[in-house]
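Encoded as structure tokens, the structure appears first; notes follow it.
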Amino acid sequence: MQGVARNFFTLAILYAIGGMMLGLAMSISGDHGQMPTHAHTMVAGWLMSSVFAFFYHLFPAARASRLAPAHFWLTAVSGVVLVVGLYFLLAGNASIEPLVALASIGFFLGMLLFAFIALPAVWKVESLSGVMPTPGAAPR
Numbered sequence: 001m002q003g004v005a006r007n008f009f010t011l012a013i014l015y016a017i018g019g020m021m022l023g024l025a026m027s028i029s030g031d032h033g034q035m036p037t038h039a040h041t042m043v044a045g046w047l048m049s050s051v052f053a054f055f056y057h058l059f060p061a062a063r064a065s066r067l068a069p070a071h072f073w074l075t076a077v078s079g080v081v082l083v084v085g086l087y088f089l090l091a092g093n094a095s096i097e098p099l100v101a102l103a104s105i106g107f108f109l110g111m112l113l114f115a116f117i118a119l120p121a122v123w124k125v126e127s128l129s130g131v132m133p134t135p136g137a138a139p140r
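Going letter by letter, the sequence shown gives residues 1 to 140 in the UniProt record's numbering.
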């Protein structure tokens, strides 16, 4: 893996470790009040960062895009702020809610940027194949 693919995969592993540690802490303590934080860490962090990593690994032209690093940094910063902020919000620090909301918006904008990068790359590959799939036909 290279570039943003490697960055996203490294980030995904860090999210997985953090999310699993939080899950273990909840299990050991019997206090599951941070379940939303755990879920956001595992899905928005581990799963989405892994998907982004493998997309950029499979589509080198998208990885070479000048927008790819912007996607990484927007998603990485907003995602980390989101899960850390959510942890403190659920721990009773209501004053952090505007920061969590802003991070959520940033994370959503990162997804929109990914769509802007990914959809043309995916459709370009399909159109270059020269073969349009027939509905119901078995894949080659």
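A virtual CB, placed ideally from N, CA and C, is assigned to each residue, including glycine.
What three-state label does DSSP hand serine 127 in the structure shown? Note that serine 127 has pLDDT 49, beneath the 50 cutoff, so the model's placement of it is unreliable and the number below is only indicative. Reduced to three states, the DSSP call for serine 127 is helix.
Three CB pairs or more closer than 8 Å across the segment 54 to 68 and the segment 26 to 41: no
Per the contact definition of three or more C-beta pairs closer than 8 Å, is the segment 65 to 79 in contact with the segment 16 to 27? no
Tell me the rounded alpha-carbon separation between phenylalanine 9 and alanine 94. 32 Å
Whether alanine 53 touches valine 81 by CB criterion (8 Å): no
For leucine 86, tell me which candidate among Met1, Gly3, Leu22, Ala121 has the shortest Cα-Cα distance. Leu22
Sort Val122, Ser27, Leu112, His32 by Cα distance to leucine 74 and report the nearest one. Leu112
Rounded to whole angstroms, how far is the Cβ of valine 4 from the Cβ of tyrosine 56, which I believe are closer than 8 Å? 5 Å
Quick check on the DSSP output: the alpha helix (DSSP H) that includes valine 43 runs from which residue to which? Taken as a continuous stretch (DSSP letters only), valine 43 belongs to no alpha helix (DSSP H), as it is neither H nor E.
Please report the straight-line C-alpha distance between alanine 12 and leucine 47, rounded to a whole angstrom. 7 Å
Nearest candidate by alpha-carbon position, reference proline 69, set Val51, Gly110, Met35: Gly110
Compare the C-alpha of leucine 119 against each of Ala76, Phe59, Gly92 and name the closest. Phe59
Contact check, histidine 71 vs phenylalanine 114, beta carbons under 8 Å: yes
Are the beta-carbon atoms belonging to leucine 99 and proline 36 less than 8 Å from one another? no
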